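This note's numbering applies: residue 19 is where the sequence shown begins, and numbers increase by one.
Beta carbons are placed, not taken as given, at the ideal position from N, Cα and C, and that holds for glycine.
Predicted model only: the values in this text are computed from it and were never measured.
A quick write-up on the structure given underneath.
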Amino acid sequence: MSQQVQEQDRVHALKKRQEDDEDNGVGAKRSKSETSWESCLDQPMDSSGVHEVVKYGDSHLPARYYDPDTTEPIIGGLQTMEELLSWKRSEAHPFNVSTVALSPRDPPLSHSPLRTLVSHDMMGGYLDDRFLQGTDSALPYSFYHWHHIDIFNYFTHNMVTIPPAGWTNAGHKHGVLVLGTFITEWTEGAKVCEDFLKDEESYRAVADKLVQICHCYGFDGWLINIENELSASAVKTMPLFLRYLTEQIHERVSAGLVLWYDSVVQTGKLHWQNELNQNNRQFFDVCDGFFTNYNWTEQNLEWMKGYSAVQGRQADVYIGVDVFGRGDVVGGMYDTNKALELIRKHNFSAAIFAPGWVYETQEKTEFRHNQDKFWGLLSDHLPLHRHVSSLPFTSTFCQGFGKNFYWRGKIESERTWFDLSAQQIQPQFYTSKEGRAWLKTRACPEHVWSRGSSLLLEGLIPAEHTGTVAARVLSLHVPMASSTLLCLVYKASPGVSVSLENTIQHPNEDKLTSVSPVSLDAGHDLVSQYTQLCSLHNEKDWTVTCILLEAQGCSLREVSVNISREGEPQDTAFSCRLGQITLVDASSLQLPADRIEGLCIYDVVWFRGSSADSHPPEVLLNATLRWHFKPELASHYRVHWRRLRGPDPRVTGGPLVLVSRAYSHIFRLRELVVPAPPGLLEVLVEPVLRSGFVLPQSQWGRVQLSYSQDHTVGSQ
Numbered sequence: 019m020s021q022q023v024q025e026q027d028r029v030h031a032l033k034k035r036q037e038d039d040e041d042n043g044v045g046a047k048r049s050k051s052e053t054s055w056e057s058c059l060d061q062p063m064d065s066s067g068v069h070e071v072v073k074y075g076d077s078h079l080p081a082r083y084y085d086p087d088t089t090e091p092i093i094g095g096l097q098t099m100e101e102l103l104s105w106k107r108s109e110a111h112p113f114n115v116s117t118v119a120l121s122p123r124d125p126p127l128s129h130s131p132l133r134t135l136v137s138h139d140m141m142g143g144y145l146d147d148r149f150l151q152g153t154d155s156a157l158p159y160s161f162y163h164w165h166h167i168d169i170f171n172y173f174t175h176n177m178v179t180i181p182p183a184g185w186t187n188a189g190h191k192h193g194v195l196v197l198g199t200f201i202t203e204w205t206e207g208a209k210v211c212e213d214f215l216k217d218e219e220s221y222r223a224v225a226d227k228l229v230q231i232c233h234c235y236g237f238d239g240w241l242i243n244i245e246n247e248l249s250a251s252a253v254k255t256m257p258l259f260l261r262y263l264t265e266q267i268h269e270r271v272s273a274g275l276v277l278w279y280d281s282v283v284q285t286g287k288l289h290w291q292n293e294l295n296q297n298n299r300q301f302f303d304v305c306d307g308f309f310t311n312y313n314w315t316e317q318n319l320e321w322m323k324g325y326s327a328v329q330g331r332q333a334d335v336y337i338g339v340d341v342f343g344r345g346d347v348v349g350g351m352y353d354t355n356k357a358l359e360l361i362r363k364h365n366f367s368a369a370i371f372a373p374g375w376v377y378e379t380q381e382k383t384e385f386r387h388n389q390d391k392f393w394g395l396l397s398d399h400l401p402l403h404r405h406v407s408s409l410p411f412t413s414t415f416c417q418g419f420g421k422n423f424y425w426r427g428k429i430e431s432e433r434t435w436f437d438l439s440a441q442q443i444q445p446q447f448y449t450s451k452e453g454r455a456w457l458k459t460r461a462c463p464e465h466v467w468s469r470g471s472s473l474l475l476e477g478l479i480p481a482e483h484t485g486t487v488a489a490r491v492l493s494l495h496v497p498m499a500s501s502t503l504l505c506l507v508y509k510a511s512p513g514v515s516v517s518l519e520n521t522i523q524h525p526n527e528d529k530l531t532s533v534s535p536v537s538l539d540a541g542h543d544l545v546s547q548y549t550q551l552c553s554l555h556n557e558k559d560w561t562v563t564c565i566l567l568e569a570q571g572c573s574l575r576e577v578s579v580n581i582s583r584e585g586e587p588q589d590t591a592f593s594c595r596l597g598q599i600t601l602v603d604a605s606s607l608q609l610p611a612d613r614i615e616g617l618c619i620y621d622v623v624w625f626r627g628s629s630a631d632s633h634p635p636e637v638l639l640n641a642t643l644r645w646h647f648k649p650e651l652a653s654h655y656r657v658h659w660r661r662l663r664g665p666d667p668r669v670t671g672g673p674l675v676l677v678s679r680a681y682s683h684i685f686r687l688r689e690l691v692v693p694a695p696p697g698l699l700e701v702l703v704e705p706v707l708r709s710g711f712v713l714p715q716s717q718w719g720r721v722q723l724s725y726s727q728d729h730t731v732g733s734q
């Protein structure tokens with residue numbers, strides 16, 4: 019590269035960085051801290067309340083980000099090049115910013131020779147998941163086998179597919195990278211490519227916007243899918259675009275990736291190769307990975323193993339598998355494991371396309387069963403990874419949906435719900451047998467401790483079985499304190515006892531040690547402190563048991579539950595529901611001093627109520643809340659409200675009412691029924707700590723909203 023060209027590149031990079039900084043408010047790689055946003059309009063940070071004049075009318079919020087009928091936050095893709103190039107960080111959707119940093123994992127992706135990518139393509143995309151604060155969908159699709167996969171790609175046929183934040187949050191909790199999709203197709207796609215690949219300035223402008231969007235919303239890169247022919251000049255420029263995009267993603271997004279789909283070849287023809295070869299390697303050479311088309315044979319895999327371009331990068335070649343089994347493919351549907359077996363035989367990575375087949379084509383009421391069956395058939399060919407988590411650690415095994423929403427063993431909201439951001443670290447689901455003894459683990463939406471599901475262990479201890487039945491519950495990597503308190507909330511059937519077994523890794527050693535400490539007595543000082551801080555007192559039907567792990571410098575790798583029979587030998591069928599597992603530093607059993615700061619309310623929209631029998635007529639409040647709190651402390655937030663004063667001064671204030679839960683520091687109140695004006699209400703935001711400790715109301719956030727009737731002529 020000449021000195022002149024190098025200087026031109028340096029100047030362009032500096033100019034682009036300055037433009038990014040002006041638009042994005044960032045100047046380096048995305049950090050783990052929360053993305054900063056503009057403060058709440060003109061409200062001072064110490065504002066305790068605002069006043070609104072009630073004016074009914076259409077929402078003034080942008081329709082591409084808020085449902086016009088309800089004002090609830092939604093997300094979709096970008097359809098045109100004009101939309102992409104006009105995208106600005108200052109106009110981005112704050113509700114779609116991921117709130118979960120990518121968790122470290124063990125082993126790191128770079129040390130995983132057999133990777134697994136899932137490409138989520140379902141019925142055009144942006145279905146229930148487009149509602150960023152969740153829906154009341156009774157039969158939603160959710161993915162929860164994260165420990166089996168390394169990369170998740172959200173795929174639609176929008177030109178620019180931006181992953182909904184719920185997917186990014188769920189993937190990042192489990193150490194899985196999340197990619198969006200940039201796709202052009204057919205005749206119109208060829209025109210788009212001809213235009214943006216016409217010169218360096220044009221392709222860099224497109225790449226810069228893709229990087230800005232990725233950086234802003236907190237996901238990890240792009241799948242590039244060009245499904246149209248390219249002219250001779252465009253195909254010559256495409257590798258330059260890919261190289262530049264990849265370099266910028268690496269520079270601005272930690273662990274960022276750019277993958278290329280097997281479509282166009284070096285002549286510009288749209289000719290799927292079903293392998294990496296000399297016709298398409300020029301694209302692979304300048305990005306992070308290659309996703310093959312689906313109509314390969316074992317001969318393609320055998321040939322590629324010896325191909326020079328693959329040497330040293332075999333893990334970067336993802337062999338595509340269409341779960342729908344369309345075309346001349348190996349396996350598919352419940353035979354997808356046949357394709358995985360061949361792919362692993364030849365030591366390639368796999369790209370599983372459209373595993374939502376189990377939802378789209380099978381009985382939706384049996385979704386969990388079918389999902390577990392599908393991934394169970396693949397499990398022998400899917401290396402596991404562990405996410406790395408710091409203390410405190412908690413999982414209630416929630417899969418992001420449920421028949422009701424539970425809180426501490428009681429139904430808090432009696433309705434179906436779906437919100438991927440609510441998903442927590444998932445266990446492994448399996449069935450094991452030893453003689454007549456058997457054990458099965460599965461998620462259960464009934465009799466839940468918290469959120470939407472518990473982990474149900476069920477099985478049989480035969481009369482001749484004298485030992486325990488062991489259930490491996492969690493595979494993880496949690497660096498331990500000198501003294502770590504592990505607490506389990508569970509509900510077991512009569513006739514069995516429950517104990518904990520843990521696998522610990524010592525520092526700088528591969529050796530794993532199994533330990534089974536005796537449960538601490540309920541009156542032990544640590545147990546008393548913990549239950550008091552969590553406000554756990556004689557929880558009906560649920561048992562809280564705690565053990566103390568003393569292993570300075572070690573890491574917890576496995577948590578297992580042992581089920582043993584009580585009484586005389588006999589065939590004993592059992593069930594045990596695990597509601598929650600928590601690990602905390604035993605030396606820091608105290609409430610943090612932190613409180614919610616700067617709670618403010620804005621973007622207020624008023625609707626008339628639909629109830630004709632209401633006197634006075636119902637008023638529906640829609641508004642956005644924003645606040646500040648240390649993200650590393652909170653797992654989520656509970657949003658409450660209460661009436662302080664209504665139109666009738668003789669009516670006293672109302673009780674505290676739970677509105678919903680928030681998984682970010684921003685929340686949209688939607689169609690909240692409030693007294694007719696004039697009125698005064700208060701909104702309170704309660705942090706739910708990762709430790710499970712309960713903060714007093716003095717540390718919650720609170721803001722008051724007073725409102726009055728609009729008396730201007732014609733306003734109604």
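| query | What are the boundary residues of the beta strand (DSSP E) that includes P705? | reply | Where P705 is concerned, the enclosing beta strand (DSSP E) stretches over 697-707.
Q | Segment contact, 8 Å Cβ cut-off, at least three pairs: the segment 244-253 with the segment 283-292 | A | yes
(request) Please report the residue range of the alpha helix (DSSP H) in which K227 lies. (result) 218-235
Under 8 Å between C-beta atoms of L197 and G142: Cβ distance not < 8 Å, so L197 and G142 don't count as in contact.
Start and end of the beta strand (DSSP E) containing H654? Unbroken beta strand (DSSP E) run through H654: 652-663.
* **Three-state secondary structure (DSSP) of H69** => Of the three classes helix, strand and coil, the one that applies to H69 here is strand, per DSSP.
- Check E445 in the structure and name its three-state DSSP category. Here the sequence assigns Pro to residue 445, which means Glu is not the residue at that position. Of the three classes helix, strand and coil, the one that applies to P445 here is coil, per DSSP.
* To do: With a 10 Å radius around its C-beta and 16 neighbouring C-beta atoms as the bar for buried, classify R688 as buried or exposed.
  => buried
According to DSSP, is Q291 helix, strand or coil?
-> coil
### Message
DSSP has F309 in a bridge; who is on the other side?
### Response
Y279, Y336
* Among D139, L135, A81, which one has its Cα closest to the Cα of I167? -> L135
**Report entry** Same chain only: Cβ atoms within 7 Å of V328, ignoring 5 sequence neighbours per side
**Finding:** L294, M322, V335
By Cβ distance below 7 Å, which residues in the same chain neighbour L59 in space, the five residues on each side in sequence not counted?
-> Low confidence applies to L59: its pLDDT is 43, below 50, so where it sits in the model is not reliable, and the reading given next is rough at best. Excluding residues within five positions, the ones whose Cβ falls inside 7 Å are Y620.
Is it buried or exposed for N176, if we count other Cβ within 10 angstroms and need 16 for buried? buried
Would you call G597 buried or exposed, if buried means 16 or more other Cβ atoms sit within 10 Å of its Cβ? buried
message = Within 8 Å, do at least three Cβ pairs link the segment 670-690 to the segment 718-727?
response = Contact between the segment 718-727 and the segment 670-690 is absent, because fewer than three Cβ pairs lie under 8 Å.
>> Measuring straight from C-alpha to C-alpha, what distance separates L396 and L358?
In response: Going from the Cα of L396 to the Cα of L358 covers about 7 Å.
Report yes if the CB atom of T186 is closer than 8 Å to the CB atom of G152, and no otherwise. Using a Cβ distance threshold of 8 Å, T186 and G152 do not count as a contacting pair.
Q417 and S160 - do their beta-carbons sit closer together than 8 Å?
Yes, they are a contact pair.
> Relative to the C-alpha of G427, which residue among G189, P480, D559, H524 is closest?
Replying inline: Closest by alpha carbon: D559.
Range covered by the alpha helix (DSSP H) that runs through N355: 354-363
Are the CB atoms of E568 and S515 within a distance shorter than 8 Å?
E568 sits away from S515, with the two beta carbons spaced by 8 Å or more.
Quiz item: T174: buried (16+ other C-beta within 10 angstroms of its C-beta) or exposed?
Solution: buried
Beta bridge counterpart(s) of A203 as assigned by DSSP = A quick correction: the sequence has Glu, not Ala, at residue 203. Bridge partners of E203: E245.
* Indicate the three-state DSSP secondary structure (helix, strand or coil) for S553 in the structure shown. => coil
How should E429 be labelled, buried or exposed, when 16 other C-beta atoms within 10 angstroms of its C-beta is the threshold for buried? Correcting the residue identity first, residue 429 is Ile in this sequence and not Glu. Answer is exposed; the Cβ neighbour count stays below 16.
**Study point:** Other residues of its chain near W393: CB distance less than 7 Å, five sequence neighbours each side excluded
**Key:** H163, H166
Quiz prompt | alpha helix (DSSP H) segment containing L103, residue limits | solution = 99-103
Assuming the contact rule is C-beta atoms closer than 8 Å, C305 and T264 should be a hit. Round their C-beta distance to whole Å, please. Contact flag correct, Cβ pair sits at about 5 Å.
Thinking C-beta only, is N526 closer than 8 Å to L574?
-> no
Problem - Where the beta strand (DSSP E) through N580 begins and ends - result: 573-583
My assumption, with CB atoms under 8 Å, is that V194 sits in contact with I169. Please give the rounded CB distance.
7 Å
(message) Within the continuous beta strand (DSSP E) that includes R595, where are the two ends?
(response) 590-603
| said: So, under 8 Å CB-CB, V657 and S553 are touching, yes? Tell me the CB distance rounded to an integer number of Å. | reply: At roughly 19 Å, the Cβ-Cβ gap does not stay under 8 Å, so V657 and S553 are not in contact.
Q: State yes or no: is the C-beta of H6 within less than 8 Å of the C-beta of K227?
A: Given a span of 19 to 734 for the chain in the structure shown, any question on residue 6 remains unanswerable.
| task | Put T211 into one of helix, strand or coil per three-state DSSP. | result | The sequence as given places Cys at residue 211; Thr does not occur at that position. Helix.
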